[in-house]
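Protein chains: 2
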Amino acid sequence: MSHEHILSAFDRDLEGVQALLMKMGGMVETSITEAAQALQERDDDLAEKVRAGDRAIDELEVRINEDCARLIALRAPAARDLRIVLSVMKIAASLERSGDFAKNMAKRARVLGQMSAVPGAGGSLRRMSKTVTEMLSHALDAFIQRDADLAEDVRNRDREVDQMYNALFREFLTHMMEDPRNITACMHLHFIAKNIERMGDHATAIAEQVIYLVTGELPEESRPKAESVTTIGVEGS
Amino acid sequence: MSHEHILSAFDRDLEGVQALLMKMGGMVETSITEAAQALQERDDDLAEKVRAGDRAIDELEVRINEDCARLIALRAPAARDLRIVLSVMKIAASLERSGDFAKNMAKRARVLGQMSAVPGAGGSLRRMSKTVTEMLSHALDAFIQRDADLAEDVRNRDREVDQMYNALFREFLTHMMEDPRNITACMHLHFIAKNIERMGDHATAIAEQVIYLVTGELPEESRPKAESVTTIGVEGS
Chain A
1 MSHEHILSAF DRDLEGVQAL LMKMGGMVET SITEAAQALQ ERDDDLAEKV RAGDRAIDEL
61 EVRINEDCAR LIALRAPAAR DLRIVLSVMK IAASLERSGD FAKNMAKRAR VLGQMSAVPG
121 AGGSLRRMSK TVTEMLSHAL DAFIQRDADL AEDVRNRDRE VDQMYNALFR EFLTHMMEDP
181 RNITACMHLH FIAKNIERMG DHATAIAEQV IYLVTGELPE ESRPKAESVT TIGVEGS
Chain B
1001 MSHEHILSAF DRDLEGVQAL LMKMGGMVET SITEAAQALQ ERDDDLAEKV RAGDRAIDEL
1061 EVRINEDCAR LIALRAPAAR DLRIVLSVMK IAASLERSGD FAKNMAKRAR VLGQMSAVPG
1121 AGGSLRRMSK TVTEMLSHAL DAFIQRDADL AEDVRNRDRE VDQMYNALFR EFLTHMMEDP
1181 RNITACMHLH FIAKNIERMG DHATAIAEQV IYLVTGELPE ESRPKAESVT TIGVEGS
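Sequence order for the protein chains is A and B. In case it helps, the numbering used here puts the first sequence at residues 1 to 237. In case it helps, the numbering used here puts the second sequence at residues 1001 to 1237.
Written out as structure tokens, the structure reads:
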């Protein structure tokens, strides 16, 4: 009886903290979407909104961490439950980083708004962002539903994002080679592409966390790389 | 009596996991140092050693996480002790990311070895790496000694790294503008500089973790940014 009571108290607390995590996920997805929109439409006000909104995301991470620490201290969860709580903290950290990248995209959108536009770049980056927000959303769903198959789907989509990044990298390089006046804008665009790719890595990391939680095993070649080296004709690097 | 026994068991376990963390820190510092050396001396074998060595760092992070989880489950530490254990996990995550950046630097060193050298770049990047490894080392010392002053010193040095990065960014941009044939090499060099700056951010994050642990307060403007936007003459971005 008292044991049951402890269990359900843990479950209730866990639900609370998972709800905060979902809220945080929603805020990050919105940030990414709006940053990409601000970039394509050269919308300064929207970019500023994204930049200012990052603080709320950071604060939510702090609160989630505190709630998790309290939950662990109060409920002393056993092995698997503990793993779930630790996963929540790791996922919150990934979301916070992704939020930072969205903020950075918004900052660069404002800088780019003062330069001549690079044709097609805004649209391509927005498509890439869309893929990444979907991945993030599905990774969080997979976590809540403890769905390893859905998590595996997210993992597989990371390759799509990498391909988009590689295509854009070559495109920006061409623009730079053709006209040195494009270099500064292309450097910013390139960083944006790289940051979107990194958000994809974070979505993948969340998916791998889910797979670990459900199956007890880390997927092979477990961690997404910090970043892959674009080889530009140099194989095997 | 039994209370004392539990306390000392926690302390013993904590010492064990902190020792692993120090070991991991040493490995990451070596990786960064050797990656920078490989880059400057165009030493493929050393670059390959760094690349191959990253797996051991990743495995150590997994082990630290497992030990921490076991420690929490077994010893049910109270509030402050729990915070210390959670800090160990956060610091291990920062070290793991830094190790990934070092690996990435080593990969790019190999790619760059096949291009004509950009004068001065290897030396500048090596100096920047040296500052960052010192910051990492001091941040870990500050953690072990719970020394908020030392942690504050680390935080303040992050500005040095940012300045080095900004100077390099302008230098690479100039090289690219002058001769488009430098663009590819400079893009790689620029990413290396950015990654070193990010390692500095991680050292700062560790230092902030220490300040939080010792003082109970997060430093103002708490998180280092995912990356700062280099404004290149565009103020206020």
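Cβ atoms here follow ideal geometry from the backbone N, Cα and C, with glycine treated the same way.
Distance CB(residue i)-CB(residue j) smaller than 9 Å
| i | j | result |
| --- | --- | --- |
| Ala-1121/B | Leu-1046/B | no |
| Ala-1069/B | Ala-79/A | yes |
| Leu-21/A | Leu-140/A | yes |
| Val-1085/B | Asp-1147/B | no |
| Val-161/A | Glu-197/A | yes |
| Met-135/A | Arg-110/A | no |
| Met-1115/B | Met-176/A | no |
| Gly-99/A | Asp-58/A | yes |
| Arg-1075/B | Asp-1081/B | yes |
| Leu-95/A | Val-28/A | yes |
| Arg-1126/B | Ala-1193/B | no |
| Leu-112/A | His-190/A | no |
| Val-1132/B | Ile-1206/B | no |
| Ala-167/A | Ser-124/A | yes |
| Lys-1130/B | Thr-1033/B | yes |
| Ile-144/A | Gln-18/A | yes |
| Leu-1218/B | Val-62/A | yes |
| Phe-1169/B | Val-1118/B | no |
| Ala-73/A | Pro-1077/B | yes |
| Leu-1071/B | Ala-1092/B | no |
| Met-1164/B | Met-1199/B | no |
CB contact below 9 Å: residue i versus chain A
| i | result |
| --- | --- |
| His-1190/B | yes |
| Val-1062/B | yes |
| Pro-1119/B | no |
| Tyr-1165/B | no |
| Asn-1076/B | Just to set this straight, residue 1076/B is Ala in the shown sequence, not Asn. Closer than 9 Å: yes. |
| Ala-1139/B | no |
| Ala-1073/B | yes |
| Ala-978/B | Limits of chain B in this structure are 1001 at one end and 1237 at the other, which puts residue 978/B out of reach. |
| Arg-1126/B | no |
| Ala-1226/B | Low confidence applies here, because Ala-1226/B scores a pLDDT of 41, under 50, leaving its location unreliable; read the following figure in that light. Output row for Ala-1226/B: interface = yes. |
Chain B contact for residue i (CB, 9 Å cutoff)
| i | result |
| --- | --- |
| Ala-9/A | no |
| Ala-151/A | no |
| Asp-13/A | no |
| Leu-95/A | no |
| Val-17/A | no |
| Ile-144/A | no |
| Asn-156/A | no |
| Leu-173/A | yes |
Proximity test, residue i beta-carbon vs the ligand PLP heavy atom, cut-off 8 Å
| i | result |
| --- | --- |
| Val-1132/B | You won't find the ligand PLP in this model; it holds no ligand whatsoever. |
Requested in this report: Give the residues from the region 1079-1091 of chain B that approach chain A closer than 7 Å (Cβ to any Cβ), ordered along the chain.
Outcome: Residues of the region 1079-1091 of chain B whose Cβ lies closer than 7 Å to any Cβ of chain A, in chain order: Ala-1079, Leu-1082, Arg-1083, Leu-1086.
Requested in this report: For the region 21-52 of chain A, enumerate the residues whose C-beta is nearer than 7 Å to any C-beta of chain B, in chain order.
Outcome: none
Report task. Give, in chain order, every residue of the region 175-207 of chain A whose Cβ lies closer than 7 Å to some Cβ of chain B. Result -> Met-176, Met-177, Pro-180, Ile-183, Thr-184
Query raised in the report: Using Cβ-Cβ distances below 9 Å, what residues of the region 1207-1218 of chain B are close to chain A?
Result: For the region 1207-1218 of chain B, the residues whose beta carbon sits under 9 Å from a beta carbon of chain A are, in order, Leu-1218.
Requested in this report: Report the residue ranges of all alpha helix (DSSP H) runs contained in full by the region 1117-1142 of chain B; include only those spanning at least 4 residues, in chain order.
Outcome: The alpha helix (DSSP H) runs of length 4 or more contained entirely in the region 1117-1142 of chain B do not exist; there are none.
Query - Length-filtered (4 minimum) alpha helix (DSSP H) runs lying within the region 1176-1226 of chain B - result: 1183-1215
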